[in-house]
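According to mature numbering (1 follows the signal peptide of the UniProt record, and there is no 0), the sequence shown holds residues -32 to -1, 1 to 300 in order. Even glycine gets a Cβ: it sits at the ideal position worked out from N, Cα and C. Report on one structure; see the data block that follows.
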Amino acid sequence: MSRPISRTVTRAILTRTALIATALTASLAITACVSSAGMNHRSDAYRMEVVTSQNASERVRFLVMHFTAIDFATSLRVLTEPSSAPVSSHYLIPEHNDPSYPHDELRVYQLVDEHRRAWHAGPGHWEDRSQLNDHSIGIEIVNKSYCAPPAESAEEGESETACFFPEFDPAQIDLVIALSKDILARYPDISPTRVVGHGDILPQWKIDPGPRFPWQKLAEAGIGAWYDDATVKRHLDFLNGNTSSDRDSVRRRFAQWLQDYGYGINAETASDADIGLYTRAFQYHFRPWNVDGEVDNQSRAILLALLEKYFPQKLSGYPGLNIPTMAAGEQR
């Protein structure tokens, strides 16, 4: 005797039947996606047909800006020739008044095809991704910023490093903007908060492109993130009247906001020194006129303004805010 079929099994069968029907319909539809070139693709061992699936995405999600700290000719050699510590980038952009640059007009140099993995990001971390060479395009910008080694101090730990950051060539920045616009058009997954500096993704060792890089100008051209002044003012007014006296809790919460924005800090386990490094990286990008690694109210207000603009759902429940909840991961 056959046993009764439960409602659960019935629903499963109906669901599977519907899926099969959907798949059959889809199989008819995707014939339009067959590449005519792929139909004739052959090798000695097999014939290949190419059917383009719509169930895929770009691997490139991030655009990383660097400065070279050396002149054009040296940069080109270092980025293209074999060495014991090989590095590369997808693009190199020169500057005027560089005796090693051979042309009158500035040109964009492509060193690695965008579909290949350039070695520029190291073990950098952003959002939920590490090993960002696999997921990013890198632009090296010739700029001879440097840090002088500190003099020996009588007291260990008192020495400070003197860093010098020359202005970027305006014509060079125009090229960065034009190139970046083209890259963003090819890779729509590179959202504003995914245009970052080397120092953002690896603050333990890197500070480029440094405090002179015009992030705000790029954002005004549609490249990368920036905050709205009025929103910063609103948050700053609130924080000035509601700041906790518990320094550790303030810094720990700021670390959580950095993590929410995309920085690779673990807010729960980060040391005080780690929080200082990531705060400094944030300031290089968004408050370059005062980079001290301190979690002050202005830095907090700027970060809150960025979160409100790009990730408002992550600020739900924060006092003083009235922000509509958005779907997780959604950006505006």
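DSSP, reduced to helix, strand and coil, places G165 within a strand of the structure shown. Taking a cut-off of 8 angstroms for Cβ pairs, the segment 207 to 220 and the segment 125 to 143 do not touch, as fewer than three such pairs fall below it. CA-to-CA, the gap between N234 and E17 works out to about 46 angstroms. For H34, there is no enclosing alpha helix (DSSP H); the residue is part of the beta strand (DSSP E) that begins and ends at 30 to 35.
In terms of CA proximity to E135, N65 leads the group N65, N101, G167, R85. One alpha carbon belongs to I270, the other to F254, and they sit about 8 angstroms apart.
Of the candidates F30, Q281, D102, F40, the residue whose Cα lies closest to the Cα of A86 is D102.
According to the DSSP secondary-structure assignment, A130 is paired through a beta bridge with A116.
For L60, the enclosing beta strand (DSSP E) begins and ends at 59 to 61.
Put simply, of I151, F279, A13 the residue whose alpha carbon is nearest the alpha carbon of D81 is I151. Straight-line measurement puts the Cα of L60 at about 14 angstroms from the Cα of K112. For S148, the uninterrupted alpha helix (DSSP H) run begins and ends at 138 to 154, by DSSP.
With a cutoff of 7 angstroms on beta-carbon distance, S104 and V32 are scored as near each other. Under the three-state reduction of DSSP output, R84 falls in the coil class, being neither helix nor strand. Non-local beta-carbon contacts of L47 in its own chain, meaning distances under 7 angstroms to residues more than five positions away in sequence, involve V55, S56, S57, L60, L79, E108 in chain order. Excluding the 5 residues flanking it on each side, R268 has same chain C-beta neighbours closer than 7 angstroms at L207, F222, in chain order. F35 and P62 do not touch by the CB rule: their CB atoms are close to 12 angstroms apart, not below 8 angstroms. Under the criterion of beta carbons closer than 8 angstroms, T199 and K277 qualify as touching, at roughly 7 angstroms. When DSSP states are grouped into helix, strand and coil, E108 belongs to the strand group.
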